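The sequence shown begins at 1 in this note's numbering and counts up one residue at a time.
Heads up, the beta-carbon is just placed ideally off N, CA and C, and yes, glycines get one too.
Predicted, not measured: the structure shown is a model, and the values here were computed from it.
Below you'll find the structure, written out as structure tokens, and then a few comments.
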Amino acid sequence: MKTFYNAHHALHQGKMEMFRGELVPCFEVPARQDHVLDVLKARGLGAIEAAPDFPERAITRVHAQRYVDFLKTAWDEWVALDPANAQRDALPSVWPVRTFRSDVVPDNFAARMGLYSYDAGSPLTSGTWVASREGACCALAAAREVQHGARSAFALSRPPGHHAGADFFGGYCFLNNAAIAAQSLRDAGVSRVAVLDIDYHHGNGTQAIFYGRGDVFFASVHGDPRTEYPFFLGHADERGEGAGAGCNLNLPLPRGTGFASWREAMSQALRAISAFGADALVVSLGVDTFAGDPISGFGLQSADYLRVGEDIAAAGLPTVFVFEGGYAVEEIGTNAVNVLDGFRQRA
Ligand code: OKP
Ligand code: ZN
1 MKTFYNAHHA LHQGKMEMFR GELVPCFEVP ARQDHVLDVL KARGLGAIEA APDFPERAIT
61 RVHAQRYVDF LKTAWDEWVA LDPANAQRDA LPSVWPVRTF RSDVVPDNFA ARMGLYSYDA
121 GSPLTSGTWV ASREGACCAL AAAREVQHGA RSAFALSRPP GHHAGADFFG GYCFLNNAAI
181 AAQSLRDAGV SRVAVLDIDY HHGNGTQAIF YGRGDVFFAS VHGDPRTEYP FFLGHADERG
241 EGAGAGCNLN LPLPRGTGFA SWREAMSQAL RAISAFGADA LVVSLGVDTF AGDPISGFGL
301 QSADYLRVGE DIAAAGLPTV FVFEGGYAVE EIGTNAVNVL DGFRQRA
């Protein structure tokens, strides 16, 4: 299985995120990708390459042009407000919630940060755009590999993507790499694409992007949003709308869920994907389902991830793995590569 890694990921290095009224060090750190790359090399899973470049139009197939333009210039605008801002990351602090307008774009920078985001936990830094854009290229390269006949490919990148919507960032995510990969497969002529999101957190961005579409099925196994981030989406009664009715499947599980129940939910998601008749699969691969994850609440052990990969391979679909969350940095490489290795052995 070929891996496309993000050679510029470390340019995105947030300092602090808002947590319980104070700024705490970011959980989403560059060492996450570095550890996965180290384990990939050690275990020899296949060729490892930096991502080639892709035109921006592959990104704007999923994201609004005005949002992409904002991300490109946001850092310079932030520093222009005050040269001292170069030493601190930009965080939003005001949002257009219900009853406010989001069709009129304010001139004020802080207001635009809020318009294009939904939480204060996702610092925008000097390298956020370059790193995120490169991440999209990793996803596009992995998708192209599969589109050209490979059984699977892996997009290894950070920051993650599945919380980012068509025109907003949040949950450490800026560009929705899994959605960009899925859309690129559609644009290359793959009729029916499924996204399986196994990150601990519901992929609200991916769900929202495809919610009205019948050509892309979204299935997610995640912590119940009644208690778990992102809180405001991810319930079982969200089944898709319009042409997408029936093409969204959420399987929320309570905090504390262990591997046996989790695996049963994933196999339910895979059965639904098979019933949909998917021709290709994009996996949002988060390993924050690990028992030792510092911000999550499931109980998977490192060896369980081999079974996860085997179960996904048994679905028999050309598969693009896109890296998402996982914050137990010491074990993140073993856990992620176990999924890929289990897949490879079963494929
Ligand atoms: C991104 B991904 C921790 C608060 C959690 C957001 C979590 C985003 C997870 N103090 N904040 O889905 O792994
Ligand atoms: Zn997560």
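Assigned secondary structure, residue i (DSSP; H/G/I helix, E/B strand, else coil)
{"i": "Ser-284", "result": "strand"}
{"i": "Ala-90", "result": "strand"}
{"i": "Thr-319", "result": "strand"}
{"i": "Ser-132", "result": "helix"}
{"i": "Gly-203", "result": "coil"}
{"i": "Ser-267", "result": "helix"}
{"i": "Asn-27", "result": "According to the sequence provided, residue 27 is Phe. The question's Asn does not apply to it. The answer is coil: DSSP assigns Phe-27 none of H, G, I, E or B."}
{"i": "Glu-145", "result": "helix"}
{"i": "Val-104", "result": "coil"}
{"i": "Phe-231", "result": "coil"}
{"i": "Ala-58", "result": "helix"}
{"i": "Asp-197", "result": "strand"}
{"i": "Gly-127", "result": "coil"}
Residues bridged to residue i (per DSSP)
{"i": "Asn-351", "result": "Nothing in the structure corresponds to residue 351, since the chain is present only between 1 and 347."}
{"i": "Cys-138", "result": "Cys-138 pairs with nothing; no bridge assigned."}
{"i": "Tyr-116", "result": "In DSSP, Tyr-116 forms no bridge with anything."}
{"i": "Leu-340", "result": "Answer is none; Leu-340 lacks a bridge partner."}
{"i": "Thr-3", "result": "Ile-48 and Phe-154"}
{"i": "Phe-168", "result": "Gly-165"}
{"i": "Glu-22", "result": "Phe-19"}
{"i": "Phe-290", "result": "Leu-300"}
{"i": "Gly-223", "result": "Leu-253"}
Endpoints, the alpha helix (DSSP H) within which residue i is located
{"i": "Leu-306", "result": "304-314"}
{"i": "Val-79", "result": "65-81"}
{"i": "Met-18", "result": "Counting along the chain, Met-18 falls outside any alpha helix (DSSP H), though it belongs to the beta strand (DSSP E) covering 16-19."}
Range of the contiguous beta strand (DSSP E) that encloses residue i
{"i": "Thr-257", "result": "Premise fails: Thr-257 is in no beta strand (DSSP E) and is neither H nor E."}
{"i": "Ile-180", "result": "Taken as a continuous stretch (DSSP letters only), Ile-180 belongs to no beta strand (DSSP E), being part of the alpha helix (DSSP H) at 177-187."}
{"i": "Phe-154", "result": "152-156"}
ask   = For the ligand ZN, which residues count as neighbours when the test is a C-beta closer than 5 Å to any heavy atom?
value = Any heavy atom of the ligand ZN counts here; residues with a Cβ closer than 5 Å to one of them, in chain order, are Asp-199, Tyr-200, His-201, Gly-286, Asp-288 and Gly-325.
ask   = Contact between the segment 103-110 and the segment 229-242: three or more CB pairs below 8 Å?
value = Fewer than three pairs of CB atoms, one per stretch, sit closer than 8 Å, so the segment 103-110 makes no contact with the segment 229-242.
query = Does the pairing of the segment 156-168 with the segment 289-301 give three or more beta-carbon distances under 8 Å?
reply = Not touching, per the Cβ criterion.
task = Kindly confirm or deny that the segment 310-328 and the segment 278-292 touch, where touching means at least three C-beta pairs closer than 8 Å.
result = Short answer: they touch.
message = Three Cβ pairs or more, each shorter than 8 Å: is that satisfied between the segment 33-50 and the segment 173-185?
response = With the cut-off at 8 Å, the segment 33-50 and the segment 173-185 do not touch.
key: the segment 245-254 contacting the segment 203-213, beta-carbon criterion three pairs below 8 Å   = Cβ pair count under 8 Å is three or more, so yes.
query = Three or more beta-carbon pairs under 8 Å between the segment 4-13 and the segment 297-315, yes or no?
reply = The count of Cβ pairs closer than 8 Å, one atom from the segment 4-13 and one from the segment 297-315, stays below three, leaving the stretches out of contact.
message = Quick test of the definition: if touching needs 3 or more C-beta pairs under 8 Å, does the segment 47-66 touch the segment 119-128?
response = Of all C-beta pairs linking the segment 47-66 to the segment 119-128, fewer than three are shorter than 8 Å, placing the two stretches out of contact.
inquiry  = Taking 8 Å as the cut-off, does the segment 333-347 touch the segment 299-312 (at least 3 CB pairs, one atom from each stretch)?
reply    = With three or more CB-CB distances shorter than 8 Å, the segment 299-312 counts as touching the segment 333-347.
inquiry  = Can you confirm whether the segment 15-26 touches the segment 54-68 when touching is taken to mean that 3 or more C-beta pairs between the two stretches lie within less than 8 Å?
reply    = No, the segment 54-68 is not in contact with the segment 15-26.
message = For the segment 218-225 against the segment 260-270, do three or more pairs of beta-carbon atoms, one drawn from each stretch, fall closer than 8 Å, so that the two count as touching?
response = At 8 Å Cβ cutoff, the stretches touch.
ask   = Taking three-plus beta-carbon pairs below 8 Å as touching, is the segment 272-283 in contact with the segment 223-232?
value = With a cut-off of 8 Å, the segment 223-232 and the segment 272-283 do not count as touching, because too few Cβ pairs lie within range.
query = Is the segment 153-160 touching the segment 132-145, taking contact as three or more C-beta pairs under 8 Å?
reply = The segment 132-145 and the segment 153-160 touch, with three or more beta-carbon pairs separated by less than 8 Å.
Three-pair Cβ contact test at 8 Å for the segment 142-150 versus the segment 93-103 = The answer is no - the segment 93-103 does not touch the segment 142-150, with fewer than three Cβ pairs under 8 Å.
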